[in-house]
Structures are given as structure tokens and as C-alpha cells.
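See structure below.
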Amino acid sequence: MSRFLIITNGRVIDPVNDRDSTGEILVEDGRIVEKLSASARQEAQVIDATGRVVCPGLVDIHVHLRDPGQTHKEDIRSGTRAAAAGGFTSIVCMPNTAPVADNAGTVGRICDAAAKHAAVNVYPTGCLTVGMKGEALAPIGAMKNAGIVAVTDDGQCVQNTEIMRRAVEYANMFGLVVMDHCQDASMTRGSVMNEGYWSLRLGLKGWPAAAEDIVIGRNVVLSRHTGAHIHMQHVSTAYGVDIIRRAKKRGIRVSGEAMPHHMFFTDADCQTYDTNFKMNPPLRTAADRDAVIEGVLDGSLEVIATDHAPHSPDEKDCEFDQAPFGIIGMETALAVCLEVLVHSGRCDLKFLLARLTHLPAAVAGLPKGTLSAGADADITIFDPHEAWKVDPRNSLSKSRNCPWNGHTLRGRVKTTIVGGRIVWDGTRIIGD
Amino acid sequence: MQAEDHWTRKDLIGIEELSRSEIEMVHALAAQFKQTLGRSQKKLPTLRGKTILNLFVEPSTRTRMAFEIAAKRLSADVTLVEEIGSSLVKGESLRDTAQVVQALNVDMIVIRHRAAGSPLYLSKIVDVPVINAGDGAHEHPTQALLDTFTIKERLGSIAGRKVTIVGDILFSRVARSNIWALLKLGAHVTLTGPSTLIPKEFAEFGVEICHDLKKALTDADVVMLLRIQHERQSGTHFPGLGEYKSLYGLNADRASLLKPEALIMHPGPVNRGVEIDTVLADSPQSTILQQVTNGIVTRMAVLYLCMNAATHRLALS
Chain W
66 MSRFLIITNG
76 RVIDPVNDRD
86 STGEILVEDG
96 RIVEKLSASA
106 RQEAQVIDAT
116 GRVVCPGLVD
126 IHVHLRDPGQ
136 THKEDIRSGT
146 RAAAAGGFTS
156 IVCMPNTAPV
166 ADNAGTVGRI
176 CDAAAKHAAV
186 NVYPTGCLTV
196 GMKGEALAPI
206 GAMKNAGIVA
216 VTDDGQCVQN
226 TEIMRRAVEY
236 ANMFGLVVMD
246 HCQDASMTRG
256 SVMNEGYWSL
266 RLGLKGWPAA
276 AEDIVIGRNV
286 VLSRHTGAHI
296 HMQHVSTAYG
306 VDIIRRAKKR
316 GIRVSGEAMP
326 HHMFFTDADC
336 QTYDTNFKMN
346 PPLRTAADRD
356 AVIEGVLDGS
366 LEVIATDHAP
376 HSPDEKDCEF
386 DQAPFGIIGM
396 ETALAVCLEV
406 LVHSGRCDLK
416 FLLARLTHLP
426 AAVAGLPKGT
436 LSAGADADIT
446 IFDPHEAWKV
456 DPRNSLSKSR
466 NCPWNGHTLR
476 GRVKTTIVGG
486 RIVWDGTRII
496 GD
Chain P
27 MQAEDHWTRK
37 DLIGIEELSR
47 SEIEMVHALA
57 AQFKQTLGRS
67 QKKLPTLRGK
77 TILNLFVEPS
87 TRTRMAFEIA
97 AKRLSADVTL
107 VEEIGSSLVK
117 GESLRDTAQV
127 VQALNVDMIV
137 IRHRAAGSPL
147 YLSKIVDVPV
157 INAGDGAHEH
167 PTQALLDTFT
177 IKERLGSIAG
187 RKVTIVGDIL
197 FSRVARSNIW
207 ALLKLGAHVT
217 LTGPSTLIPK
227 EFAEFGVEIC
237 HDLKKALTDA
247 DVVMLLRIQH
257 ERQSGTHFPG
267 LGEYKSLYGL
277 NADRASLLKP
287 EALIMHPGPV
297 NRGVEIDTVL
307 ADSPQSTILQ
317 QVTNGIVTRM
327 AVLYLCMNAA
337 THRLALS
């Protein structure tokens, strides 16, 4: 492979530099450059991006790679390949592995495995509390040295407010964001779907929006009093979006994350008891879905992330009550966002891509998400209009738990470049 | 696709998806079967040679007995699998159980399960008819069929009648199935009980919600009481049995608000002295035992119709 790369004739969109124009992107030795010498141009590999969008490699700050310990669902190798196929060049993986990543050793092991097997950049997170039990602070400083970019007990929201207060204070000392999965566990025991008309109709245990809103509210208060940055993961409720919106207006350091599935589906989609519509937080009402979209549009939720949560077919093929929460989402995320936000006319491409590139990178403190000269040459090229039918059997993930199965979506990733190297060419992973 | 006078379903999953005429077909056939009950030779040869598996993954006494007797009256062979002592407790998945059952060549499965939606799930795996005998808080279709059959038998008609359902609606599959059945048959349905057990979204089903028991009972043609699951909800959803009884227990004084001929129904098992005073439970207005008897004939009708539809399908394919 050449040291030089020329991507030509594409519509270059680099939101952080407010760029949206047809032009060239040049790469030399894994970095984006402004100019190439004549001899370099001779030698360079050329990608013709006519009719396509060229943008910074997408950044997903909410991914479950299941490695170590649950590698029948996913591992670093398969998960990062699914990421590449979805146009993501940098992903932040959650620490609820087996064992959980609550110490520098486990974090180091994840970094080592990523260095060996990953197709895209992997940034680990560490637990907020030991064993993700919500009781005692994990060694956050040591994990920071081992490479974590954020702390979170994702999936197990810290219930004790005193522990949470100390945790955010302590993490803030290291400049680490706390990412919180907002869920009051006392209100959601046995809950499997949103509480409302559909949970009553299906006879399934309801999950009230209040259980999420209360913890979002708590976190706003804690951020206000500590000055620490708290990031609200996968916000799914209308009132939750509003709490974040108001907090931001008051200058409180909170950020928010929207999921493609919460912008696309509603709790009515649970009506066939298909477990691919069971996730945490659950699909909410149409009003909540619209509010999440509105939150993305007005900046209340500045990040779009996937919560890619693989589970094996055996685990998902059961009664709704018994199924684990979560769906895979990296390969469909861009197309779903294009459908919901861009093709619908709600926003333009540059606005959407900001939420998938430099804004999530900024929340996690990653030096990613731009095509500025000098930046790592992480680049995604996609056709925003190509229609394709989702078939989870073609997924590069080890799992198949995809609720878009059978949907036709517009927007297809054609090339994914990580550090100047093409890893996905639109049909396959390069180099495997 | 549903022909007016022809039953084509092989599965009975819920009342929600049934049409009014389908419900009435079950009632009509149940009425015919009821005429045979008085005979000394009760068995009909209708399902001779068929094997019905009662898969009761959640404990049940009266529903299980009624299904068993109904099947035997139709000359079917019945096998019972309960959770206790079966491989289900050893962690076998419902899919595997279903496939084993299918391999045993049974002709029909009657399933009772804690998880809402499991009969539907099962029906997608197996080819044979699946009858829902109660799934979580979702549906208990045969209970609603027998309840509406009983109302029709006693009052002659259902359309325009005022039916009040009292108690734990939130956790009750009986309530849900009855709401669907009664609405389809043209009744006015009122739900009454503590606000914690009747989420406001129930109004979207097309029923009225009224937390004042006296108002809800006034001029009702039928009152349906539900068993209060105090062992599960006491303390979180209502303070205790004493307060429940004082607010929502049916006694003679409150029953006097009903229409004179009104029916008092209960699917059982009854908490005597809580949902209902003993005197009323044993009064001529009470249909409790009639419901049990009708539970046999309505289930005979369901078994017959679904088996017939399945056989028909097989013949066509």
C-alpha cells in the first residue's frame, strides 16, 4: 500500500472546520496533509469519490465489545470489523466485560488485544466502582494511566448518590468524563419495556420514564455542585431531554447521547414480542422519540452513539421476559441517522456528521473527528443515497440481534480508512 | 380473511385478535356441548385418537383441571407437563421443549406460562395448534370466553350491558381478556380499584376508569371481581388487605347499588372476606360455580374448533 492517498472528486464535509465542498483529501504516512509533492502524487493511490461524501471517520462512544469473557457474543476482532463496515474509525468500549474492567490490568489486557486484533481505534473505559457494584470507587487513576478515556458503570447505574458524588469529583481530577447509564433501579425491577399503553396491552412489566428522568436530574445536580462533566448515555425520554436542555442553558457541564433506535422505533414495535426490540433503556412512545430527535436538532443531545450490544441468537431466541437487553447497531447507524434526520429534511449532512464525529470525540477527549491537516487520516466515504436491505446474516458482528432486519435504508459506507490505511472497501475488510 | 361463519384459527393466543363473530362461534358451540353435560355417557368421540399436551409452566389448578376434563370429554388423550419435575427447571429453553413436544407427535398444546407472549412464541415454532391457558399479565382467552358465555346465558345478551371489573387490573390477564371480549360484544366496561393497580393508559383500551367503587357499581349489570394478589402487591400497590377490603370489598350494602338482577362473577380462587363477602359469594347472584362448569364447555369448543382448523389446513396443504 502506498504511503500516499488521494481522495478526489468527493463532497468533503468536515463539520468542525465548517467545510462542505467538493474537493480533495490528501494523506501522507497516515496523516492528512494540505499538499503532496509531484512525485508523491505520482506514487499515490487514488480513490475516486464522485457522488460520495468524504468525512472524518465516525466516532462511536458507546460500544460493547464483550471482550474479554463474552466472546461468543462479540470480540475485539469482530466488533471492530463491524465498526469499520459501519464507517466508524474510533470506538469507545464499555467496561461491563467478564471480568469487568475495574482495574488497570484488565484495561491493559483490552488495549493489548486491541493492538493485535482491532480494525479500528479502540478506546477503553473503566468502571466507576469496584466490580461495577456501586459501592466503592474503582482505581480510576491507575486505569487512566492504563489508557481509559472515561469512567462508567454502564448497565449498572450507581444508585448511591454519595458514591456517585465522590466518583464524579474524583474522576474530574483526572479530566475524565463520567458516562452514566441513567436508571433508578428501585423503579425498574423486572421491567422489560416502556411503561405505558403498550406494556399494559402486552402484559409486560413497564419501565417508567421517571426512572430515567430522576437519575438525569440527579446528575445535573451533582454536576452543578461539583463542576464535573457528566455525560448522559442513551437518553430516551422527552422529559430527560428537557432536563438536559435546561441544564445546558444554565451552563452546567452535562452532555447527552441519542441512539439511532430511540429515534427510529417506538414501544409499539414490541407488539410481536420480538426480543430484538428489547433494549435498555427501552423504546419509548412516539412523543419521546420525537423529543429525542428534537434534542439532537437543538443541541441538547450533541452525541449520537449506538450502544452496540451484541447477544448471541440463542440468548435472544426466547420469551421476551427472559431475553437480555440490547441490539447491534454500528453497521446500520449511519443509514438510520440519514433516514431519520437528513433524508427527512430535518437537518443537513454537516449537522448530522458533527454528531457522529468531532462532538462525540470531544465528549470523550479523543483527538479525532476532523479532516484538518495534521490529523490522523481516519476517513469515511459513503454514498448517502444508495438503498440497501438490512440482513443481519451479513453482519460482521458475531451476533444478529438487529431490529432493522428487513428494512430498506438509504446510505451506504463505501470506504473506511484508519490511519491512512483502507480497512473497509464497501464489501469486505481489507487485510484479513 | 375470516369467513363469517367459519373458524379458521388453529391457535388461540388472545381475545384481542378475535372478531365478534368468532367469539360468538365459540359461545354457540359451547351451548351445544352444554346440552351433552347432563347425559350419563359424557364422552363425545370428536377428538378420539388425538393427543393434547397440557404444558403448565406456571402452577394452576382450576384451569388445568378444566382443560383436562374438556379434552377427555372429547375423547382426546391428555398428557400433563408441569414445571416441577420437568426439564424446564433444568434450564431447557422453551424452543427446545417445543421441539421435543413436536417430535412426540402431539396434536395440540395448551400452555400456561409466566412470560407474556410465550404462547405466541410457541405457536411460531410448532405446527400444531397452541391454546393459551394464561400468559403472564397478557391474556387468558378461555377465561373471557367462559365469562362472556356465562353472562349471555344468565342475562340473555351482552350488548349495551354495564360491566364493572374490580381490583387488580394491572397484573390481571383475566381483566385484559375480558376487556377485549366485552368491548367486542358491545358492553360498556368500567374499571375500578386503587389507582396503583389501574394505570390511566387503560382508558385507551376504550374503557372507563372510576376509582370510586360505589359510583362504579351503581346500575351495573355485571360485576367481575378479581383475586387480589396480596402476597405480591401488598405494601407497594396498596397498604394492606384491611384497607383494600374497606375501599373495594364487595358486601351486601354495596351490592345493593347494582341492578336487581345483576351478576356477581369471580374467576377464582376467591379470597373470601376480602374481594367479596361470603354471603354474596354463595348467593343466587353469584355465578362463581356456573363459571367453573361453563369453563368445561367453552374449552371443549375451543379445542374442537382449533383442532378442526388445523386438520382442515393439513388437508388443504
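Residue numbers (this note's numbering), protein chains in the order written: chain W, 66 to 497; chain P, 27 to 343.
Positions of the beta carbon are idealized from the N, C-alpha and C atoms, including for glycine.
- For residue 81/P, the enclosing beta strand (DSSP E) covers residues 77–82.
- Nearest to residue 301/P by alpha-carbon distance, out of 211/P, 173/P, 45/P and 271/P, is 271/P.
- With a threshold of 16 other beta carbon atoms within 10 Å, residue 447/W meets it and is buried.
- Against chain P, the CB of residue 384/W has a partner CB under 8 Å away; the residue lies at that interface.
- Contacts between residue 164/P and chain W, judged by CB atoms closer than 7 Å, involve 267 and 268 in chain order.
- With distances taken between CA atoms, residue 277/P lies nearest to 307/P out of 326/P, 307/P and 330/P.
- By alpha-carbon distance to residue 386/W, the top candidate from 258/W, 103/W, 352/W and 251/W is 258/W.
- Cβ-Cβ distances below 6 Å link residue 453/W to 477 in the same chain, with the five nearest sequence neighbours on each side left out; the list follows chain order.
- Between residue 52/P and residue 80/P a beta carbon distance of about 19 Å is seen, past the 8 Å cut, so the two are scored as non-contacting.
- Cα atoms of residue 228/W and residue 206/W: separation of roughly 16 Å, rounded to the nearest angstrom.
- Put simply, of 281/P, 326/P and 287/P the residue whose alpha carbon is nearest the alpha carbon of residue 304/P is 281/P.
- Residue 447/W carries a strand assignment under DSSP once its states are collapsed to helix, strand and coil.
- In this structure residue 215/W is in contact with residue 242/W, their Cβ atoms being roughly 5 Å apart against a cut-off of 8 Å.
- If the five residues before and after residue 239/W are omitted, its C-beta is found closer than 8 Å to the C-beta atoms of 205, 206 and 209, all from its own chain and listed in chain order.
- Identification of chain W residues near residue 109/P by a Cβ-Cβ cut-off of 7 Å yields none; the smallest Cβ-Cβ distance measures about 13 Å.
- Around the beta carbon of residue 91/W, 16 or more other beta carbons sit within 10 angstroms, so the residue counts as buried.
- When the five nearest sequence neighbours on each side are left out, the beta carbons in the same chain lying within less than 7 Å of the beta carbon of residue 339/P are those of 36, in order along the chain.
- For the options 144/W, 430/W, 404/W and 150/W, the alpha carbon positioned closest to that of residue 175/W is the one of 144/W.
- Residue 182/W carries a helical assignment under DSSP once its states are collapsed to helix, strand and coil.
- Put simply, the CB of residue 82/P is far from chain W, with every gap to its CB atoms at 8 Å or more.
- Between the beta-carbon of residue 193/W and that of residue 232/W there is about 5 Å, and that keeps the pair under the 8 Å contact cut.
- If you draw a 10 Å sphere on the C-beta of residue 126/P, you find fewer than 16 other C-beta atoms in it, and that means exposed.
- Around the beta-carbon of residue 118/P, fewer than 16 other beta-carbon atoms lie within 10 Å, marking it exposed.
- The C-beta of residue 261/W comes closer than 8 Å to at least one C-beta of chain P.
- With contact defined as three or more Cβ pairs closer than 8 Å, the stretch 432–444 of chain W and the stretch 464–479 of chain W are not in contact.
- 8 Å or more divides the Cβ of residue 396/W from the Cβ of residue 301/W.
- If the five residues before and after residue 360/W are omitted, its C-beta is found closer than 6 Å to the C-beta atoms of 306 and 366, all from its own chain and listed in chain order.
- Taking C-alpha positions only, residue 220/P is separated from residue 205/P by approximately 18 Å.
- An exposed status is given to residue 108/W, since fewer than 16 other beta-carbon atoms sit within 10 Å of its beta-carbon.
- Look at the stretch 193–215 of chain P: the residues with a C-beta under 8 Å from a C-beta of chain W are 196, 199 and 202.
- Nearest in C-alpha terms to residue 248/W, of all of 189/W, 339/W, 123/W and 281/W, is 281/W.
- Assignment of residue 338/W by DSSP, reduced to helix, strand and coil, places it in the coil class.
- For residue 117/P, the closest Cβ of chain W is not nearer than 8 Å.
- At a cut-off of 8 Å, the C-beta of residue 387/W has a neighbouring C-beta in chain P.
- When the alpha-carbon of residue 59/P is set against those of 45/P, 89/P and 95/P, the nearest one is in 95/P.
- For a Cβ distance threshold of 7 Å, nothing in chain P lies close to residue 304/W: the least Cβ distance comes to about 17 Å.
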